[in-house]
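To start, the structure itself, in structure tokens.
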Amino acid sequence: MPTLLFQPEDYRFPTSIDEVLTTLAEQGDKARVIAGGTTVHELAYRRAMGDVRTLLDVTRLPLRQIAEATGAMHLGATITFTELAEYISAHHPSTLAIITDAIAGIRPMQIRNVGTVGGSICSSLPFFDLPAALVALDARVTTHAVTRAPRTIPIEDFFHDFFLPDLRFGEFLTEAEFTLPVHNSSGSFQKFESNSVDWALVSIGVQVSVDAGRFTSVRIALGGGIGRKVTRAITVENALLGAPVEDQVIEKAVAHVADDVRAFSDFRGSAKFRNHLLKVYVARCLKQAARRIR
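Heads up: the sequence shown begins at 0 in numbering that gives the first Met the number 0, then just goes up one per residue.
Laid out in structure tokens, this is it:
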């Protein structure tokens with residue numbers, strides 16, 4: 000039998016949020032919350048599990064729900080990708096197409112069925128698809144801890160580095176939320192992978208609103224292998240705000256997308272190649288998002 004990279008001493012299914020918070024407060028870095036567990040092996044392979052001895056599987060807590068209230072959508076941390084895609088397809092197929100785009104690219108099907116909203120966010124990896132879509136939607140996340148009041152954090156500020164989310168001692172994430180887009184809004188998510196099992200070289204999430212043929216809001220999230228966290232293409236966003244929805248205008252604006260990132264080179268592709276991909280895919284997403292509104 001091969002030796003497992005990580006063998007927890009204790010695997011628990013907490014019965015309440017208070018039990019999770021108490022265990023985290025008592026055990027500190029020796030306990031880790033999981034909600035699907037699809038990145039545990041990756042963390043162990045990279046020696047990122049540290050002194051973890053207890054896994055707290057929160058998938059049986061009442062966090063597996065989607066709710067809409069006061070113009071916002073609330074996503075419980077343990078909602079699976081499949082459940083979220085099915086809900087969006089049934090209720091918001093046009094305005095939230097960015098989410099179904101992102102989930103459609105998550106492979107294989109087994110990952111979509113067990114991977115969760117909270118897990119993908121807390122992994123803090125720019126290669127993951129759903130977090131980039133949520134950045135484009137200006138989402139916020141809520142964390143709880145036994146020793147302090149809940150915090151609500153803009154999702155783009157939640158990512159610090161690879162595997163380093165803004166989780167303080169004893170905290171865990173309970174939900175993500177975002178303001179529901181208005182009727183004249185839509186989005187798009189696309190990515191470029193060197194093969195079907197590789198992480199994306201670039202991944203792009205775009206959400207726009209259009210009125211009278213002009214962009215009234217633009218958010219562009221840049222993920223994949225171009226940096227250590229999902230970032231915004233603010234230069235392009237500013238160039239398009241108020242501009243006419245025309246292909247040549249979009250092409251001119253995206254020519255400056257590399258100003259907002261510092262792409263790197265590795266064995267999978269040079270920085271120059273990644274910057275070229277950024278221009279191509281940001282333009283494609285913007286055009287597709289605009290077409291979906293018409």
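Even for Gly, the Cβ is constructed at its ideal location relative to N, Cα and C.
Nearest to residue i (by Cα), restricted to the options the options
{"i": "residue 238", "options": "248, 231, 229", "result": "248"}
{"i": "residue 58", "options": "29, 46, 23, 14", "result": "14"}
{"i": "residue 262", "options": "211, 162, 272", "result": "272"}
{"i": "residue 51", "options": "35, 34, 30, 171", "result": "30"}
{"i": "residue 27", "options": "171, 131, 56, 34", "result": "171"}
{"i": "residue 192", "options": "258, 215, 223", "result": "223"}
{"i": "residue 53", "options": "125, 39, 279, 63", "result": "39"}
{"i": "residue 147", "options": "169, 161, 36, 244", "result": "169"}
{"i": "residue 135", "options": "265, 202, 241, 246", "result": "202"}
{"i": "residue 154", "options": "240, 144, 275, 124", "result": "124"}
{"i": "residue 128", "options": "182, 197, 72", "result": "197"}
{"i": "residue 206", "options": "90, 64, 24, 282", "result": "282"}
{"i": "residue 227", "options": "162, 90, 112", "result": "162"}
{"i": "residue 84", "options": "72, 103, 156", "result": "103"}
{"i": "residue 250", "options": "183, 22, 279, 108", "result": "279"}
{"i": "residue 291", "options": "179, 219, 96, 265", "result": "96"}
{"i": "residue 35", "options": "245, 141, 110", "result": "110"}
{"i": "residue 219", "options": "277, 213, 120, 267", "result": "277"}
Inter-residue CB distance, residue i and residue j (contact presumed, cutoff 8 Å)
{"i": "residue 88", "j": "residue 99", "result": "6 Å"}
{"i": "residue 66", "j": "residue 188", "result": "Not confirmed; about 23 Å, so no contact."}
{"i": "residue 76", "j": "residue 117", "result": "3 Å"}
{"i": "residue 230", "j": "residue 240", "result": "About 18 Å; that fails the 8 Å criterion."}
{"i": "residue 289", "j": "residue 209", "result": "6 Å"}
Segment limits, alpha helix (DSSP H) that includes residue i
{"i": "residue 61", "result": "Element bounds for residue 61: n/a, residue is neither H nor E."}
{"i": "residue 217", "result": "Looking at the DSSP string, residue 217 is not in any alpha helix (DSSP H); the run it does join, the beta strand (DSSP E), is 213-222."}
{"i": "residue 247", "result": "246-253"}
{"i": "residue 87", "result": "80-90"}
{"i": "residue 272", "result": "270-292"}
{"i": "residue 42", "result": "39-44"}
Residues bridged to residue i [DSSP beta-bridge criterion]
{"i": "residue 158", "result": "164"}
{"i": "residue 72", "result": "67, 177"}
{"i": "residue 10", "result": "54"}
{"i": "residue 265", "result": "268"}
Range covered by the beta strand (DSSP E) that runs through residue i
{"i": "residue 17", "result": "First-last for residue 17: 16-26, but that is the alpha helix (DSSP H), not the beta strand (DSSP E)."}
{"i": "residue 151", "result": "147-153"}
{"i": "residue 142", "result": "139-144"}
{"i": "residue 30", "result": "30-33"}
Please go through the region 160-241 and give each complete alpha helix (DSSP H) segment of 4 or more residues, from N-terminal end onward. 233-239
Give, in chain order, every unbroken run of the beta strand (DSSP E) that is at least 3 residues long and sits entirely within the region 101-131. none
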